[in-house]
Each structure stands twice: as C-alpha cells, then as structure tokens.
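**Student:**
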Amino acid sequence: MNQESAVSGKSTTTGRGYTFAPRMAKTPKSFIREILKVTERPEIISFAGGLPSPALIDVNGIRIAANSVLEQDGRSALQYSTTEGYLPLRQFIADRYKKRLGISVSPDDILITNGSQQCLDLIGKILIGTGDHIAIERPGYLGAIQAFSQYEPEFHTVPLMEDGPDIVSLNLTCRTHPVRLFYGVPNSQNPSGITYSEKRRKDVADVMKEHGVLFVEDDAYGELNFSGKSLPSMQTFLPGQTIITGSFSKILAPGMRMGWVVAPHEIMEQLVVAKQASDLHSNYLSQRIAYEYLLHNDIDSHIRKIRAAYEHQRDVMLRMIEEEFPETVTSTHPLGGMFIWVTLPPGCSSMEVFEQALKENVAVLPGIPFYVDGGGTDTMRLNFSNSTDENIITGMGRLARVIRRMSSS
Ligand SMILES: Cc1ncc(COP(=O)(O)O)c(C=O)c1O
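For the sequence shown, our numbering assigns the number 26 to the initial residue and increments by one for each residue that follows.
(1) How big is the Cα-Cα spacing for L407 and M345?
(2) If you measure between the beta carbons of Q214 and A172, is that distance less than 8 Å?
(3) Contact between the stretch 419 to 429 and the stretch 386 to 406 is defined here as three or more beta-carbon pairs at a separation below 8 Å; is this criterion met?
(4) When the Cα of H181 is compared with those of L263, L206, F72 and R88, which residue comes out closest?
(5) In the DSSP assignment, the alpha helix (DSSP H) including H290 goes from what residue to what residue?
(6) Is S433 near ligand 1, in the sense that its beta carbon is under 7 Å from a heavy atom of that ligand?
(7) Is any non-hydrogen atom of ligand 1 found closer than 7 Å to the C-beta of P257, if you look at the structure I gave you?
(8) By Cβ distance below 7 Å, which residues in the same chain neighbour P370 in space, the five residues on each side in sequence not counted?
(9) What residue ranges within the stretch 385 to 434 form continuous alpha helix (DSSP H) runs of no fewer than 4 residues, ordered along the chain?
(10) Between the stretch 130 to 148 and the stretch 284 to 292, can you find at least three pairs of beta-carbon atoms closer than 8 Å?
(11) Suppose you measure from the CA of A119 to the CA of I192; what does that come to, to the nearest Å?
(12) Looking at C-beta atoms only, is the number of pairs between the stretch 372 to 386 and the stretch 245 to 265 that lie closer than 8 Å three or more?
(13) Return the Cβ separation of I137 and Q312 in integer angstroms, given the expectation that the two are a contact with Cβ distance under 8 Å.
(14) So, L343 versus F117, is the Cβ gap smaller than 8 Å?
(15) If you follow the alpha helix (DSSP H) that V193 is in, where does it begin and where does it stop?
(16) From the DSSP secondary-structure annotation, give me the bridge partner or partners of H181.
(17) Alpha carbon to alpha carbon, how far is N139 from G271?
(18) In the stretch 200 to 267, which residue ranges form an unbroken beta strand (DSSP E) of at least 3 residues, counting only runs that do not cross its ends?
(19) Taking I219 as the reference, give the member of H202, R88 and N250 with the closest Cα.
(20) Listed by chain order, which residues have C-beta atoms less than 5 Å from any heavy atom of ligand 1?
(21) Give me, in chain order, the residues of the same chain whose beta-carbon lies closer than 8 Å to that of P216; leave out the 5 immediate sequence neighbours on both sides.
(22) Assign G165 to one of three DSSP states: helix, strand, or coil.
(23) Quick check on the DSSP output: the beta strand (DSSP E) that includes M363 runs from which residue to which?
(24) Once the 5 residues before and after N416 are set aside, which same chain residues still bring their CB inside 7 Å of it?
(25) Just to check my reading of the structure: G189 and V229 have Cβ atoms closer than 8 Å, yes? What is that Cβ distance to the nearest angstrom?
(26) Here's the rule: buried if 16 or more other CB atoms are within 10 angstroms of the residue's CB, otherwise exposed. What is T357?
(27) Helix, strand or coil: which one does DSSP assign to I128?
(28) Tell me whether S33 sits in a helix, a strand or coil according to DSSP, three-state version.
(29) Specify, as a first and last residue, the run of the alpha helix (DSSP H) that V84 falls within.
(30) Kindly list the residues whose CB is nearer than 7 Å to the CB of S78, restricted to its own chain and excluding five residues on each side of it in sequence; keep chain order.
(31) Might you give, ordered along the chain, the residues of its own chain that have their beta carbon closer than 7 Å to the beta carbon of S33, omitting 5 neighbours on each side?
(32) Mark V286 as exposed unless 16 or more other C-beta atoms lie within 10 angstroms of its C-beta, in which case mark it buried.
(33) Once the 5 residues before and after G265 are set aside, which same chain residues still bring their CB inside 6 Å of it?
(34) Indicate the three-state DSSP secondary structure (helix, strand or coil) for G280 in the structure shown.
(35) How about L81 and I331: do their beta carbons lie closer than 8 Å?
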C-alpha cells in the first residue's frame with residue numbers, strides 16, 4: 026500500500042504512470058488470495074482457505090436442475106432480468122426466514138446478489154462516505170474490511186469476547202463517535218468461529234437502539250449451527266435497524282455466486298439503485314437453477330449432512346489441538362461454521378508459524394489481516410471444512426511439531 030497517499034487522500038501513480046483513485050490505496054489486497062496462491066500446490070495440506078467441502082456439493086442435483094431449466098425455459102432463463110432477482114427464489118428465502126427464524130420478511134425486502142460479498146460492497150456504497158465512522162468486530166471478517174475500505178471509512182473495532190462483542194467497548198465507541206453502522210457475524214464468525222449468545226444479541230441491539238446505529242448482520246453461516254438450533258436474528262430485537270445478508274455458498278455451491286440482502290424499504294430502494302449501477306442484476310441462469318434445485322431437493326436434509334460432516338471435522342481438529350499442541354495454545358470451540366481460531370503461546374508469531382509450517386507442507390492463515398487497527402500477530406485461523414480426517418490428523422500433527430519447536434526455542 027502507498028501509505029503516503031492513503032494518508033493524504035491523493036491519487037496513487039505507479040511506476041508505469043497509471044493513476045489510481047485514492048480509495049485503492051486504502052483497500053488491503055486480499056491477503057487470503059495471496060496466501061492461497063502459495064498453498065495451491067497439491068502436496069500442501071491447507072487449513073488456510075475457507076472453502077466448503079467439495080464432497081458436499083451436490084453436483085448431480087445441480088446438473089439435473091440446470092438441464093431442467095435450460096430444457097423447459099432456456100430462452101427466458103438466458104435473458105436479462107430484473108435487478109431485484111427471481112421472485113420465486115426471493116419468496117423461497119422469505120418463507121425460510123419464517124420457518125427457520127420466525128421472522129416475517131416479504132420478498133420485496135430481499136435483493137438477490139452476486140454472493141453475499143456483493144451485499145457488503147453495496148452496503149458500503151450506499152451508506153459509507155469518506156471519513157464516516159463504522160464499527161466492526163475485532164478480529165473482523167477480512168472480506169468486509171476490504172469491501173468497506175473502498176468507501177474510505179474510519180474503522181472502529183470492538184473486541185469479540187467468548188459470547189459476542191464487548192458491550193462496554195461497543196457502547197463507548199457509539200457514544201464517542203457518530204457511528205453509522207456496526208457490522209458483525211453473530212453466527213460462527215469468520216475468522217473466530219464465535220457465536221453471539223442470545224443475551225449478547227439483546228445487549229448489542231440495546232446499544233444500537235440507544236445510539237441509532239444500523240446493525241449489519243452477516244449471516245453467511247447461520248444454517249451451519251451444528252446443533253441444528255438457530256439463535257434469534259438481530260432483526261428480532263432490532264426491527265427497522267437491521268440489514269441481513271445471506272448466502273447459498275455454504276449450503277449449495279459458492280461457484281453459483283448466489284447471495285441476498287434483506288433490508289428495510291428505504292434502504293432497499295438505495296440498494297437496488299446501487300446494484301443496478303454495478304451489474305444490472307445477478308446471474309439469472311444461476312438464480313433459476315438454484316430455485317429449481319431447491320424446489321426438487323430436500324435442502325434441510327442436505328444441510329443436516331453438511332452440519333454433521335463439519336461437526337465431525339471440527340471435533341477431529343479440536344482433538345488434535347488438545348492432544349498435540351502445547352498447553353499454552355488456546356482455541357475457540359465453534360458451535361458451527363468452518364473455522365477455529367487459535368492463539369499461540371506468548372512471543373510466538375503466526376507469520377513465522379506460517380513460514381515454518383509451509384516448509385512442512387502445511388498452510389495456515391495468520392490472523393493479522395483480520396485486525397484493521399493492528400495486532401493479532403499471535404493468532405491464526407484454521408479451516409476444518411475443506412480437509413479429510415486423514416489430512417487434519419497429519420497436518421495438525423506437523424503443525425503441532427512446528428509450534429512446539431518454536432515455543433521451546
Ligand atoms: C462472514 C462472511 N461473509 C460473507 C462471505 C462471502 O460469501 P459469498 O459471497 O460466497 O456469499 C464469506 C465468505 O467466506 C464470509 O465468511
């Protein structure tokens with residue numbers, strides 16, 4: 026990053042003379058993508074990425090749905106469509122909110138997006154101006170840091186405790202700054218795996234109400250609570266002040282790039298305009314295929330399979346941490362999702378663990394990029410959804426040896 030232009034707000038000029046807008050200097054390159062480039066070699070056991078298990082993508086079911094859409098209504102499915110998205114799909118999502126979380130959402134409150142990542146960009150586009158104050162969790166989802174950075178906000182971070190954001194810190198932040206929104210991932214957060222307790226959700230909602238702050242509830246992992254029981258959406262405690270983002274990436278297939286945003290009417294109007302300006306509408310063929318698949322397959326049973334598999338993989342990884350890692354290592358015990366968050370022994374750097382582990386053909390993700398205001402050098406994120414039992418056992422065994430070696434030296 027060109028620090029100077031990031032501070033001065035000037036455009037950046039590269040060696041070749043291309044001049045870029047100041048916002049680009051303020052946007053961190055996705056560290057994950059950089060790391061994934063290194064970890065693509067087939068001999069590497071990678072806990073660094075965040076991919077769902079390939080075994081749990083129903084390729085055959087999606088193939089049948091795609092064939093059916095193309096055979097029965099191909100010309101329409103390959104046409105331009107509306108910005109808001111395919112109405113039956115939005116109705117399906119609305120019905121699922123009622124069934125799963127007991128909240129009433131109309132299809133008109135839903136906009137289909139190109140993955141839920143696009144929601145973050147659109148939210149930034151309509152709500153964040155240069156220098157506006159926004160709050161995020163610490164550690165925070167890297168993709169949100171990247172998306173919001175494009176709109177040059179002033180970030181404030183709120184530490185995550187075992188059961189959600191630190192309320193004292195959140196309160197203080199909202200009292201001392203004109204915070205426009207607080208972005209959080211209440212279910213199985215990326216990167217920490219932390220889930221807000223019900224009490225914490227209510228407390229956060231109270232702070233939002235008191236200070237008139239919007240809560241952006243990123244629910245990418247809401248369907249992956251291993252117990253199968255859902256905690257209430259923030260919308261339950263904060264109607265009219267919550268924007269929810271959702272995704273089919275973790276329950277269908279991320280390559281379909283299907284997500285959505287639920288927002289109050291006035292916010293939705295702006296989101297639709299911003300979306301139109303960005304890409305007219307989300308991939309209509311993908312929307313039609315997703316709906317066809319959901320109509321003819323038992324998605325609940327598919328999700329139960331995903332939950333059971335990931336719960337098992339989490340257990341294998343946690344057991345390895347407990348049995349093989351030094352006692353001075355601590356980790357979260359996620360109730361769902363795809364990640365465990367590890368804090369290393371004092372003085373042990375996760376960047377160094379990353380480098381040493383790579384020599385043993387194991388990749389981890391250092392926690393540093395999840396901290397927009399620095400810190401986190403002793404933390405790392407481990408993904409368990411994308412590895413077999415055998416790879417978890419082998420990879421974690423090697424990682425344990427690296428950490429033991431480094432913490433004893
Ligand atoms: C918390 C969170 N939000 C949003 C996303 C974006 O997902 P997608 O764009 O595939 O819906 C991810 C992806 O891993 C995520 O972890």
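We treat Cβ as the ideally placed atom computed from N, Cα and C, and that holds for glycine.
Because the structure is a prediction, the values reported are computed rather than measured.
**Tutor:** Considering the structure as presented:
(1) Distance between the alpha carbons of L407 and M345: 12 Å.
(2) The answer is no: Cβ separation not under 8 Å.
(3) These segments touch.
(4) Nearest of L263, L206, F72 and R88 to H181, Cα basis: L206.
(5) From DSSP, the alpha helix (DSSP H) with H290 extends over H290 to D304.
(6) No, Cβ of S433 sits at least 7 Å from all heavy atoms of ligand 1.
(7) No, the Cβ of P257 stays beyond 7 Å of every heavy atom of ligand 1.
(8) Closer than 7 Å at the Cβ level, and outside the excluded window around P370, lie P351, T353, V354 and S432.
(9) Listed in chain order, the complete alpha helix (DSSP H) runs (minimum 4 residues) inside the stretch 385 to 434 are 414 to 433.
(10) Result yes; three or more Cβ-Cβ pairs closer than 8 Å.
(11) The straight-line gap from Cα to Cα measures roughly 31 Å.
(12) As far as the Cβ criterion goes, the stretch 372 to 386 does not touch the stretch 245 to 265, which means the pair count is below three.
(13) About 6 Å; that satisfies the 8 Å criterion.
(14) No; because the gap between Cβ atoms is not below 8 Å, this pair is not in contact.
(15) Note, V193: alpha helix (DSSP H), I192 to T201.
(16) Bridge partners of H181: A160.
(17) C-alpha separation (whole angstroms): 11 Å.
(18) Counting only runs of 3 or more, we get 204 to 209 and 239 to 243.
(19) Taking only the C-alpha atoms, the option nearest I219 is N250.
(20) Result: G75, G140, S141, Q142, Y166, V210, N215, D243, A245, S272, S274, P279 and G284.
(21) The beta carbon of P216 sits closer than 8 Å to the beta carbons of P164, Y166, L167, F364, W366, L390, G392, F395 and R406 from its chain, once the five residues preceding and following it are set aside; these are given in chain order.
(22) Three-state DSSP puts G165 in coil, outside helix and strand.
(23) Per DSSP, M363 lies in no beta strand (DSSP E) segment and is marked neither H nor E.
(24) Closer than 7 Å at the Cβ level, and outside the excluded window around N416, lie I70.
(25) Distance from G189 to V229 at the Cβ level is roughly 7 Å; contact confirmed, criterion being Cβ atoms closer than 8 Å.
(26) Taking every protein chain shown into account, the CB of T357 has 16 or more other CB atoms within 10 angstroms, so this residue is buried.
(27) Here I128 carries a coil assignment [DSSP, helix/strand/coil].
(28) Only weak support is given to the placement of S33: the predicted model assigns it a pLDDT of 46, under 50, and the value that follows is read from those uncertain coordinates. Three-state DSSP puts S33 in a helix.
(29) Counting along the chain, V84 sits inside the alpha helix (DSSP H) bounded by residues V84 to A102.
(30) Cβ within range, chain order: A334, S410 and N411.
(31) With a pLDDT of 46 at S33, under the threshold of 50, the modelled position of that residue is not reliable, and the figure given next carries that caveat. Cβ neighbours of S33 beyond the five flanking positions: none.
(32) Taking all protein chains shown into account, V286 has 16 or more neighbouring C-beta atoms within 10 Å of its C-beta and is therefore buried.
(33) Within its own chain, the residues whose Cβ lies closer than 6 Å to the Cβ of G265, once the five positions on either side in sequence are excluded, are P289, listed in chain order.
(34) Reduced to three states, the DSSP call for G280 is helix.
(35) Closer than 8 Å, so yes.
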